[in-house]
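*Asks:* Dumping the structure here so I can ask a few things about it.
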Amino acid sequence: MNLILLGPPGAGKGTQARALETTRGLIQLSTGDMLRKAAEVGTAMGGRAKAIMDAGKLVPDEVVNGIVAERIAMPDAENGFILDGYPRTLEQAVALGRMLGARKSALAAVIEIEVDDDELVRRIAGRYTCGTCGEGYHDVRKQPKVADVCDNCGARRNFKRRKDDNAETLKTRLFAYYKETAPLIGYYFRDGTLRRVDGMADIAEVTRSIDRLLDRVEACK
Ligand code: AMP
Numbered sequence: 097m098n099l100i101l102l103g104p105p106g107a108g109k110g111t112q113a114r115a116l117e118t119t120r121g122l123i124q125l126s127t128g129d130m131l132r133k134a135a136e137v138g139t140a141m142g143g144r145a146k147a148i149m150d151a152g153k154l155v156p157d158e159v160v161n162g163i164v165a166e167r168i169a170m171p172d173a174e175n176g177f178i179l180d181g182y183p184r185t186l187e188q189a190v191a192l193g194r195m196l197g198a199r200k201s202a203l204a205a206v207i208e209i210e211v212d213d214d215e216l217v218r219r220i221a222g223r224y225t226c227g228t229c230g231e232g233y234h235d236v237r238k239q240p241k242v243a244d245v246c247d248n249c250g251a252r253r254n255f256k257r258r259k260d261d262n263a264e265t266l267k268t269r270l271f272a273y274y275k276e277t278a279p280l281i282g283y284y285f286r287d288g289t290l291r292r293v294d295g296m297a298d299i300a301e302v303t304r305s306i307d308r309l310l311d312r313v314e315a316c317k
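Per my numbering: the sequence shown = residues 97 to 317.
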């Protein structure tokens with residue numbers, strides 16, 4: 097099963113993709129994570145992408161399409177994947193359609209996670225992740241059970257905050273979302289794959305909504 101999680105920054109795509117990895121045995125493919133890794137490792141592409149990401153703008157389509165094409169060709173993607181943060185433009189959506197067509201594969205569902213803008217700002221401003229395993233936390237919504245220790249992997253004092261998670265950059269990121277990515281809602285509505293969940297509910301409730309929705313999608317196959 098191949099899925100897309102669609103929604104603005106802070107909607108909870110990464111959190112829900114991680115939950116789906118466990119419950120559905122799919123792998124999470126986050127283009128943001130892949131680009132951040134390339135920047136950290138210091139590849140030429142990563143270096144160019146870093147400046148764009150820090151400014152909250154979109155990395156060029158051909159770069160991101162190339163990364164995704166390479167990643168979904170890997171053996172662990174054979175059983176299906178959850179795209180988190182891709183596609184973000186119509187051109188990327190068309191490229192993805194071609195990639196899937198070439199594999200004789202298709203999208204099972206595009207899940208739009210709906211969240212109010214004010215809430216996005218609150219979520220982004222307080223979020224951080226474990227630098228070891230990537231588990232997500234929030235200053236108010238989800239703190240580690242033991243201070244400074246990751247609930248998931250036990251790593252100590254290794255939490256990271258993203259450089260682009262600040263109020264100013266979020267404005268640019270939201271602008272990019274509404275201008276470039278929101279048109280995908282219509283695109284996937286037209287091909288019948290679009291589903292919606294209320295992303296304002298708490299994390300576990302959103303996970304249950306997505307689970308129920310995917311059960312229905314599977315039952316219709
Ligand atoms: P994310 O982790 O999904 O919030 O992405 C962080 C940043 O990576 C974005 O603000 C963009 O600069 C870049 N990025 C991630 N995915 C894409 C994409 N599909 N197309 C263009 N830029 C992307």
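Built from N, CA and C at the ideal position, the CB exists for glycine as well.
#1: Pop quiz: V211 and I100 are said to be a contact at Cβ under 8 Å. What is the actual Cβ separation, rounded to whole angstroms?
#2: Using only alpha-carbon positions, find the residue among G232, I281, Y224, Q112 that is nearest to I349.
#3: Tell me whether A202 sits in a helix, a strand or coil according to DSSP, three-state version.
#4: Taking buried to mean at least 16 other C-beta atoms within 10 Å of its own C-beta, is P104 buried or exposed?
#5: Residues in the same chain with beta-carbon distance under 7 Å from G176, minus the five sequence neighbours each way, listed in chain order, please.
#6: Could you spell out where the beta strand (DSSP E) holding T225 opens and where it closes?
#7: Note down, in chain order, each residue of its chain lying with its Cβ closer than 6 Å to the Cβ of G106, except the 5 sequence neighbours on either side.
#8: For the ligand AMP, any of its heavy atoms closer than 8 Å to the Cβ of Q124?
#9: Just to confirm my understanding: we take D350, look at its own chain, exclude 5 residues before and 5 after, and list those with CB closer than 7 Å. What are they?
#10: Would you please state the rounded distance, in angstroms, between the beta carbons of G143 and T268? I believe it to be under 8 Å.
#11: When you measure from the CB of A165 to every non-hydrogen atom of the ligand AMP, does any distance come out below 8 Å?
#12: Would you mind working out which of D307, K317, L131 sits nearest A115, comparing C-alpha positions?
#13: If I follow the unbroken alpha helix (DSSP H) through D129, where does it start and stop?
#14: For the alpha helix (DSSP H) containing G232, name the first residue and the last one.
#15: Just to confirm, does P279 get its C-beta within under 8 Å of one of the non-hydrogen atoms of the ligand AMP?
#16: When you compare the CB of I209 with every CB in chain D, is at least one pair closer than 9 Å?
#17: Just to check, is the beta-carbon of Q322 closer than 8 Å to a non-hydrogen atom of the ligand AMP?
#18: If D213 and E231 are in contact, beta carbons under 8 Å, what's the gap, nearest whole angstrom?
#19: If you follow the alpha helix (DSSP H) that R312 is part of, which residue opens it and which one closes it?
#20: Mapping the DSSP letters down to three states, classify Q239 as helix, strand or coil.
*Replies:* Short version:
#1: For this step, residue 211 is matched to residue 115 along the sequence shown. For this step, residue 100 is matched to residue 4 along the sequence shown. Contact doesn't hold; Cβ gap of about 16 Å is too wide.
#2: Because the chain here runs from 97 to 317, residue 349 falls outside it and cannot be looked at.
#3: The residue labelled residue 202 in the question sits at position 106 within the sequence shown. DSSP places A202 in coil when its eight states are reduced to three.
#4: On the sequence shown, residue 104 is found 8 positions in, with the first residue counted as 1. Counting Cβ neighbours within 10 Å, P104 comes out buried, since at least 16 surround it.
#5: Mapped onto the sequence shown, residue 176 falls at position 80. So the qualifying residues of the chain are M97, N98, L122.
#6: Here residue 225 refers to the residue found at position 129 of the sequence shown. First-last of the beta strand (DSSP E) with T225: 223 to 226.
#7: What you label residue 106 is simply residue 10 of the sequence shown in a count that begins at 1. Counting only Cβ-Cβ distances below 6 Å, and skipping sequence neighbours, we find L216, R219, I220.
#8: The count along the sequence shown starts at 1 and reaches residue 124 at position 28. No, the Cβ of Q124 stays beyond 8 Å of every heavy atom of the ligand AMP.
#9: Nothing about residue 350 can be read from this structure; the chain reaches only from 97 to 317.
#10: Taking the first residue of the sequence shown as position 1, residue 143 is located at position 47. Taking the first residue of the sequence shown as position 1, residue 268 is located at position 172. With 8 Å as the limit, G143 and T268 do not qualify as a contact, their Cβ atoms being about 20 Å apart.
#11: The count along the sequence shown starts at 1 and reaches residue 165 at position 69. Incorrect: A165 has no Cβ contact closer than 8 Å to the ligand AMP.
#12: Taking the first residue of the sequence shown as position 1, residue 115 is located at position 19. Among D307, K317, L131, the Cα nearest to that of A115 belongs to D307.
#13: Along the sequence shown, one-based indexing puts residue 129 at 33. Element bounds for D129: 127 to 137.
#14: In the sequence shown, residue 232 corresponds to position 136, counting from 1. Looking at the DSSP string, G232 is not in any alpha helix (DSSP H); the run it does join, the beta strand (DSSP E), is 232 to 234.
#15: Position 183 of the sequence shown, counted from the first residue, corresponds to residue 279. Every heavy atom of the ligand AMP is 8 Å or more from the Cβ of P279, so no.
#16: Absent from the structure: chain D. Only one protein chain is present.
#17: Nothing about residue 322 can be reported from this structure: the residues present for the chain run from 97 to 317 only.
#18: Taking the sequence shown and counting its residues from 1, one reaches residue 213 at position 117. Taking the sequence shown and counting its residues from 1, one reaches residue 231 at position 135. So it is not a contact: roughly 26 Å between Cβ atoms.
#19: Taking the first residue of the sequence shown as 1, we reach residue 312 at position 216. From DSSP, the alpha helix (DSSP H) with R312 extends over 299 to 315.
#20: For the purposes of this step, residue 239 is taken as residue 143 along the sequence shown, with counting starting at 1. In this structure, Q239 counts as coil in the three-state DSSP scheme.
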